[in-house]
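These notes concern the structure reproduced below.
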Amino acid sequence: MTETPTTRQAVHYEQAEMLDGDDLRRHFLIEQLMVPGRLTATYTHYDRMLVAGAVPTDAPLAVGEDLAKLVGSATLLERRELGLINVGGAGRVTADGTVYEVGPQDALYLGRGIASVAFASVDPANPAKFYINSSPAHAAHPSRLVTKSQAIVKELGAPETSNRRTLSQYLHPEVLPTCQLLMGLTRLHSGSVWNTMPAHTHDRRMEAYFYFELPADAVVMHFMGRPEATRHLVVRNEQAVLSPPWSIHCGAGTAAYAFIWSMAGDNQAFTDMDFVAMSDLL
Ligand SMILES: O=C[C@H](O)[C@@H](O)CC(=O)C(=O)O
Ligand SMILES: [Zn+2]
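Below you can see the structure in the form of structure tokens.
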């Protein structure tokens with residue numbers, strides 16, 4: 001079953017800067033992604049990125065006609081590519097008859113043209129949780145499993161600045177070709193809470209953050225907005241934030257956490273960021 005997909009319109013910063021907290025959440029926070037037995041999808045008008053979560057339990061969850069209809073094609077991936085990272089127990093994805101064993105923290109890339117996709121859990125008592133992104137694709141690149149050990153690992157930050165973290169690049173041009181999608185996972189080390197500070201923007205690409213591994217009573221204060229007009233969103237476990245091209249995206253947790261970042265847009269140069277000087281943040 002797919003929950004009725006919802007659409008998020010693109011918002012100009014002139015409008016965003018007039019919103020109160022409730023409206024800011026309504027536009028930029030996706031609160032419900034991981035619902036047992038459901039596939040939950042949000043269609044965004046930021047580079048047409050689709051943000052979805054699938055938690056298969058007793059029966060597999062198939063990508064159905066509602067998502068194809070949402071993007072106006074015969075199947076969801078007729079003109080799109082898809083990337084996912086499993087943040088739950090062992091999972092299994094079947095794509096046009098090929099079965100991919102997607103273990104915890106493994107990623108899967110499905111290229112343009114794959115007609116049928118179904119998500120399953122190996123053990124329904126410890127279900128897989130697939131965090132899924134899809135964006136328009138101009139070419140058909142081969143589908144591929146990218147295991148945790150195949151990702152490019154970068155060690156960032158320092159304990160002194162409370163931002164010691166390990167970044168793993170899964171969908172990245174040096175790992176495999178994709179059209180637009182870039183995806184990776186950043187995990188904060190115990191005692192570190194800040195991600196992506198100093199902050200940056202990249203007008204060329206949108207970004208989505210999916211926060212997970214937060215203790216039940218912990219939150220991430222996620223900061224967004226133009227560098228000179230920052231706002232915050234209180235984010236809980238397994239919620240996602242949409243970052244428009246004009247927005248910084250960074251956060252501080254009340255405990256350590258992990259998040260999946262993903263981008264789509266004009267280029268795939270991970271390092272193409274406009275860093276914001278600390279003195280310019282307001
Ligand atoms: O454009 C890149 C993204 O914001 C993230 O990769 C940043 C991140 O994961 C981190 O600093 O930990
Ligand atoms: Zn970024």
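Numbering follows full-length UniProt numbering, with no gaps: position 161 of the sequence shown is 161.
We put the CB at the ideal spot given by N, CA and C, even for glycine.
Query, Result
"Taking a contact to mean a Cβ-Cβ separation below 7 Å, would you say residue 220 touches residue 253 in this structure?", "yes"
"For residue 222 and residue 241, which I take to be in contact (beta-carbon distance under 8 Å), what is that distance rounded to the nearest angstrom?", "5 Å"
"Using only the alpha-carbon positions, how far apart do residue 92 and residue 156 sit?", "32 Å"
"Indicate, with yes or no, if ligand 3 has a heavy atom lying under 6 Å from the CB of residue 167.", "Absence of ligand 3 is noted for the structure shown, with ligand 1 and ligand 2 being the only ligands found."
"Using the DSSP secondary-structure output, state which residues sit across from residue 221 in a beta bridge.", "234, 252"
"Given residue 135, which residues of its chain have a CB within under 8 Å of its CB, disregarding the five upstream and five downstream residues?", "47, 48, 49, 50, 80, 81, 179, 180, 181, 264"
"If we call anything under 7 Å between Cβ atoms a contact, is residue 114 one with residue 95?", "yes"
"State the Cα-Cα distance for the pair residue 57 and residue 126, rounded to the nearest angstrom.", "9 Å"
"So is residue 132 buried or exposed if we call it buried at 16+ other beta carbons inside 10 Å?", "buried"
"Please confirm if the stretch 144 to 152 is in contact with the stretch 60 to 74, defined as three or more CB-CB distances below 8 Å between the two stretches.", "no"
"Please state if the CB of residue 200 and the CB of residue 273 are separated by a distance shorter than 7 Å.", "yes"
"So residue 227 and residue 266 are in contact, right, with Cβ under 8 Å, and what is the actual spacing, rounded?", "With a Cβ gap of about 20 Å, residue 227 and residue 266 do not count as contacting."
"How far does the beta strand (DSSP E) with residue 70 in it extend, from its first residue to its last?", "It is not in any beta strand (DSSP E) - residue 70 instead sits in the alpha helix (DSSP H) that spans 65 to 71."
"Cα separation between residue 246 and residue 59?", "41 Å"
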